[in-house]
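J.: Protein chains in written order, with our numbering: chain A, 8 to 169; chain B, 21 to 182.
We treat Cβ as the ideally placed atom computed from N, Cα and C, and that holds for glycine.
Attaching a single structure in structure tokens format; questions to follow.
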Amino acid sequence: MNATGFLDPIDRLRLIANGIPGAAVVERVLDAPFDAVWATATDFEGALSGFEVSVGRARIVERDGDRVTLESRLPILRVRQRVDVHLRDGWCLMQGRGFVAGMAARAEGERTRFAHLEAARMPAAGLTRPLMKAKMVMTRELRRIERLARERLAETADRPDR
Amino acid sequence: MPDISLVRAAQSGDALALDCLLDELAPYVLRICRGIALNHADDAAQEALVAIVRHLRTLREPAALHGWARRIATREAVRAARAAGGSAELPEQIPAHGDPMLGVEVRDQLDRMEPAHRAIIVLRDLEGLTEEQVAEILGVAQGTVKSRLHRARARFRQEWPA
Chain A
8 MNATGFLDPI DRLRLIANGI PGAAVVERVL DAPFDAVWAT ATDFEGALSG
58 FEVSVGRARI VERDGDRVTL ESRLPILRVR QRVDVHLRDG WCLMQGRGFV
108 AGMAARAEGE RTRFAHLEAA RMPAAGLTRP LMKAKMVMTR ELRRIERLAR
158 ERLAETADRP DR
Chain B
21 MPDISLVRAA QSGDALALDC LLDELAPYVL RICRGIALNH ADDAAQEALV
71 AIVRHLRTLR EPAALHGWAR RIATREAVRA ARAAGGSAEL PEQIPAHGDP
121 MLGVEVRDQL DRMEPAHRAI IVLRDLEGLT EEQVAEILGV AQGTVKSRLH
171 RARARFRQEW PA
């Protein structure tokens, strides 16, 4: 996921959190294989809106290597926002005008260690601040990713051509 | 020379800019740590990166990023090397400029030197720090650096294959 080889995605997310005041990080081992978890977590136009409320319903407007640009509509105010994303295998860092969200994952056998970072931004002031969302909510998001990943896995296994 | 606007953006809480800076800094920091902390380099580099990310906002002159990061990396590497004593073995890679074969020979040569001499040659001759900077990092007087460097170089030349 990175050019260095010695920092795995989880370590890198913890590291990045040190540079974002108020960033909250939750970590959990999900009971689903890495491929299913990662496909679910980075399904920007599908599953993402089901667990990441900071982004909301999104569509990909540009993809260039590991850079992705999303346009999303926030569910509460129905306003559009641009979200810039750095996306690599096991690494996803998203930034909109008002938030930063990070996801990092690595396989642990048939399970997946998954870390999730969130922080609110006030770009005009050049500051980030603690997100109102509690870690409890973020943990709930991880459970949702786990559930969706397991459903995705079951759907794949049920397909007649497999 | 770092991308000044990237450094400023990272200092102001832009997580994607920080991510880009890490792509550049992580291998740089690891290279410095490998030359000094040897097989404890990964831990030293991670500690150094945490300090760099955490204190990035305090860096007044973005153009000085690499020098500042180098001081932090060498400090952490020396700390790790000291904690490990002289038993550390050299890894496969070591800082080397120019001819790769020179790197192998330098590595072999450094392998036979005591840690105090090895550290001072890496800091002064391979990383190009000033005697004042080396003194600050090693926590010794500048005169001590001068005399220790003299002995280390003499020892190095004495054993360097003609």
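Spatial neighbours of alanine 97/B within its chain, please: C-beta separation below 6 angstroms, excluding the five flanking residues on both sides.
T.: Cβ neighbours of alanine 97/B beyond the five flanking positions: Cys53, Ile56, Ala57 and Ala64.
J.: Can you check DSSP and say which residues form a bridge with tryptophan 45/A?
T.: Answer by DSSP bridge pairing: none, since tryptophan 45/A is not bridged.
J.: In whole angstroms, give me the CA-to-CA distance for alanine 104/B and methionine 101/A.
T.: Answer to the nearest angstrom: the Cα atoms are 39 angstroms apart.
J.: Buried or exposed: serine 167/B, going by 16 or more other Cβ atoms within 10 Å of its Cβ?
T.: It counts as exposed.
J.: Closer than 8 angstroms by C-beta to alanine 161/A: which residues in its own chain qualify, once you throw out the five before and the five after it? Chain order, please.
T.: Counting only Cβ-Cβ distances below 8 angstroms, and skipping sequence neighbours, we find nothing.
J.: For valine 62/A and alanine 108/A, I'd like the C-alpha separation in whole angstroms.
T.: Straight-line Cα distance between these residues: approximately 9 angstroms.
J.: By a C-beta neighbour count over all protein chains shown, 10 Å radius and 16 as the cutoff for buried, is serine 79/A buried or exposed?
T.: With 16 or more other Cβ atoms within 10 Å, it is buried.
J.: Could you say which of Glu153/A, Met145/A and Ala127/A lies nearest to glycine 29/A if we only look at CA atoms?
T.: If we check each option's Cα against that of glycine 29/A, Ala127/A comes out closest.
J.: Would you say aspartate 39/B lies against chain A (beta-carbon separation less than 9 angstroms)?
T.: Closer than 9 angstroms: yes.
J.: Between aspartate 15/A and the rest of its own chain, which residues show a CB-CB distance below 7 angstroms, the 5 nearest in sequence each way excluded?
T.: Contacts found: Arg113.
J.: Step through the CB atoms of chain B and report whether any lies within less than 9 angstroms of the CB of leucine 14/A.
T.: Closer than 9 angstroms to some Cβ of chain B, the Cβ of leucine 14/A qualifies, so yes.
J.: Run through chain A and tell me which residues come within less than 9 angstroms of arginine 74/B, C-beta to C-beta.
T.: Near arginine 74/B (Cβ distances below 9 angstroms), the residues of chain A are Asn25 and Gly26.
J.: Can you pull the chain B neighbours of histidine 93/A, defined as C-beta to C-beta under 7 angstroms?
T.: Per Cβ cutoff of 7 angstroms: Leu36 and Asp39.
J.: How many angstroms separate the CA atom of arginine 151/A from the CA atom of leucine 55/A?
T.: Those two C-alpha atoms are separated by around 10 angstroms.
J.: For alanine 43/A and chain B, any beta-carbon pair shorter than 9 angstroms?
T.: No, alanine 43/A does not count as interfacial toward chain B.
J.: Counting beta carbon pairs with one atom in the region 64-80 of chain B and one in the region 33-52 of chain B, are three or more of them shorter than 8 angstroms?
T.: Yes: the two stretches touch, three or more of their Cβ pairs being nearer than 8 angstroms.
J.: Examine chain B for any beta-carbon lying closer than 9 angstroms to the beta-carbon of alanine 48/A, and answer yes or no.
T.: By this cut-off, alanine 48/A is not an interface position.
J.: If we define contact as Cβ-Cβ less than 9 angstroms, is leucine 37/A a contact residue for chain B?
T.: Cβ-Cβ to chain B under 9 angstroms: no for leucine 37/A.
J.: Looking at the C-beta of leucine 55/A, does it have a partner C-beta in chain B at a distance below 9 angstroms?
T.: Answer no: the Cβ-Cβ gap between leucine 55/A and chain B never drops below 9 angstroms.
J.: Can you give, in chain order, each stretch of the alpha helix (DSSP H) that sits fully within the region 45-124 of chain A and has at least 4 residues?
T.: Counting whole runs of 4 or more residues, the region 45-124 of chain A contains the alpha helix (DSSP H) stretches 55-58.
J.: Can you name the start and end residues of the beta strand (DSSP E) that arginine 35/A belongs to?
T.: Where arginine 35/A is concerned, the enclosing beta strand (DSSP E) stretches over 31-37.
J.: Just tell me which of Glu151/B, Arg144/B, Arg132/B and Thr150/B has its CA closest to the CA of arginine 175/B.
T.: Out of Glu151/B, Arg144/B, Arg132/B and Thr150/B, Arg132/B has the C-alpha closest to the C-alpha of arginine 175/B.
J.: CB valine 92/A to CB threonine 76/A, shorter than 9 angstroms?
T.: In contact: valine 92/A and threonine 76/A (Cβ atoms closer than 9 angstroms).
J.: Based on Cα-Cα distance, which residue from Gly103/A, Gly53/A and Met143/A lies nearest to arginine 64/A?
T.: Of the listed residues, the one whose Cα sits closest to arginine 64/A is Gly53/A.
J.: Kindly say whether aspartate 23/B, judged by its beta-carbon, lies nearer than 9 angstroms to any beta-carbon of chain A.
T.: Chain A contact via Cβ: absent.
J.: Given 8 angstroms as the limit, is there contact between the region 116-123 of chain A and the region 37-54 of chain A, that is, 3 or more CB pairs closer than that?
T.: The region 116-123 of chain A vs the region 37-54 of chain A: in contact.
J.: Under the three-state reduction of DSSP, which class applies to arginine 128/A: helix, strand or coil?
T.: Arginine 128/A falls in the strand class under three-state DSSP.
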